[in-house]
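Colleague:
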Amino acid sequence: MRSLRVWLRRSWDGQSGPLGRLAIGLLLPTELFYRGTVALRNRCYDLGILSQFESRIPIISVGNLAVGGTGKTPFASWLMTRFTSLGHRPALVTRGYGSDEVLLYKIRNPGVPVVVRKSKIEGVAQAAREEANVAVLDDGFQHRAAKRDVDIVLLAAEQSTEGPMLPRGRFREPLNALSRADAIVITRKVATQEAASALGRLAIGEAPEAVLGQIHLVGGVWTELEGDPHVEAHDGPPAGDLLAVSSIAEPDGFHEM
C-alpha cells in the first residue's frame, strides 16, 4: 500500500514515465465520480439536508485542499501552544493515520491531550469529557459532519492551486471551496515572498471575508539522535555528509531548506 501511495504521488508530479501518464489518464472517470460526489455532499450540507454534530466546546478546524505538504502539523502544534499560553485547555483531535505524527504532537505539546479516534465526532466528545475547553480538529476541513466554530485552511506556496482531484491528482476539493474558510494561511518553505503573496491574493478572491495570514517554515535546531529532543545540541549542521530522513507528505521542501 505504501509503495502505491509513493507511485501515485510521483505520477501526480509527472515522474512515473509513460506508464504513469497512461494510468493517470485511465483514472479520469474515477476523478469525475469523486468530484461529483464531493460537490453533491457539500451542497447537502449547505442546504441542511445533512445534519452536523454540535459540540459543547468550540471546534477549531485546521485543514487544507490538497493531500499533505502544507505544514498543517507544525501549524496545529503552534496553535495548541498559543491556546495554552492564553490559559485555555486545548485538545488535539485526529484520526491518527501515522503514529509518528501523534508522537510529534505529544512531544511538541506536553500536557495537551491528543485524542486519536477514527470518528472525529467521537474524538471531540472525548476531548470535552477530558475537560478540554477547545478542540483543535486535525485535517478537518472536509469533515463537515462536525460543525466547527472556525475553519482554518492552509495553502502551500510551493504547490499549484489548480490540477486534477483525487485519485488523478492531489486535490480533495477545488479552489472555490475556500469560500467556507474563516481564515486562510499561506505557508512557504522555499518559495519566495512574492509567490506567497500572489497565492494569498488569489485565495482571498475566493473568500473575501476570510482573514489572511502567512507563515515561513524554516528548519529548527539540530539535536543529538539519542538526546533530549527539547535540548539544542548544535548551532548548525555537523561537519561531513548528511543523511536526510523524513516521513512527511512533501519532503522536497524539507530537503531544500
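Each residue of the sequence shown is one higher than the one before, starting from 29 at the first, in this note's numbering. Just so it is clear, CB atoms sit at the ideal spot from N, CA and C, and this is done for glycine as well. Quantities reported herein were computed from a predicted structural model and do not represent experimental measurements.
How many whole angstroms separate the CB atoms of Leu93 and Arg196, which I take to be in contact at a CB cut-off of 8 Å?
Modeller: Not really, about 15 Å apart at Cβ, beyond 8 Å.
Colleague: When the Cα atoms are used, what is the spatial distance from Gly139 to Leu36?
Modeller: 37 Å
Colleague: Can you have a look at Thr58 and say buried or exposed, based on whether 16 or more other CB atoms are within 10 angstroms of its CB?
Modeller: exposed
Colleague: So does the stretch 212-219 actually touch the stretch 87-103, counting three or more Cβ pairs closer than 8 Å?
Modeller: yes
Colleague: Mind the definition here: the stretch 233-244 touches the stretch 114-131 only if three or more C-beta pairs lie below 8 Å; say whether that holds.
Modeller: no
Colleague: Compute the Euclidean distance between the alpha carbons of Leu203 and Ala155, then round it to the nearest angstrom.
Modeller: 31 Å
Colleague: Using the beta-carbon count (16 or more within 10 Å), is Gly151 buried or exposed?
Modeller: buried
Colleague: With a cut-off of 9 Å, does the C-beta of Glu186 fall near any C-beta of chain B?
Modeller: Among the protein chains of the structure shown there is no chain B, as only one such chain exists.
Colleague: Using the C-alpha atoms, what's the distance from Asp167 back to Lys146?
Modeller: Their Cα atoms are separated by approximately 12 Å.
Colleague: May I ask you to report which of helix, strand or coil DSSP gives Leu75?
Modeller: coil
Colleague: What residues match up with Thr122 in a beta bridge as DSSP calls it?
Modeller: Val144
Colleague: In whole angstroms, what separates the C-alpha of Val249 from that of Met108?
Modeller: 20 Å
Colleague: Helix or strand or just coil, what does DSSP make of Val152?
Modeller: helix
Colleague: Among all the DSSP beta bridges, which residues are the ones paired with Ala94?
Modeller: Phe199
Colleague: In terms of alpha-carbon separation, which member of Ser275, Arg198 and Ala238 lies closest to Arg38?
Modeller: Arg198
Colleague: For Thr65, does the count of other Cβ atoms within 10 angstroms reach 16, so buried, or fall short, so exposed?
Modeller: exposed
Colleague: Among Arg176, Arg117, Gly76 and Leu230, which residue has its Cα nearest to the Cα of Glu159?
Modeller: Closest by C-alpha distance to Glu159, out of Arg176, Arg117, Gly76 and Leu230, is Arg117.
Colleague: Would you say Leu91 and Gln170 are within 9 Å of each other, going by their C-beta atoms?
Modeller: The sequence given here has Gly at residue 91, not Leu. The answer is yes: Cβ separation under 9 Å.
Colleague: When you compare only the Cα positions, how much space is there between Arg49 and Arg63?
Modeller: Put simply, the backbone Cα of Arg49 is about 20 Å away from that of Arg63.
Colleague: Who are Leu240's beta bridge partners in DSSP?
Modeller: According to DSSP, which records beta bridges pairwise, Leu240 is partnered with Ile212.
Colleague: Below 8 Å on the Cβ atoms is my guess for Val121 versus Val95; work out the distance and round it to an integer in Å.
Modeller: Between Val95 and Val121 the Cβ distance is about 19 Å, and since that is not below 8 Å, they are no contact.
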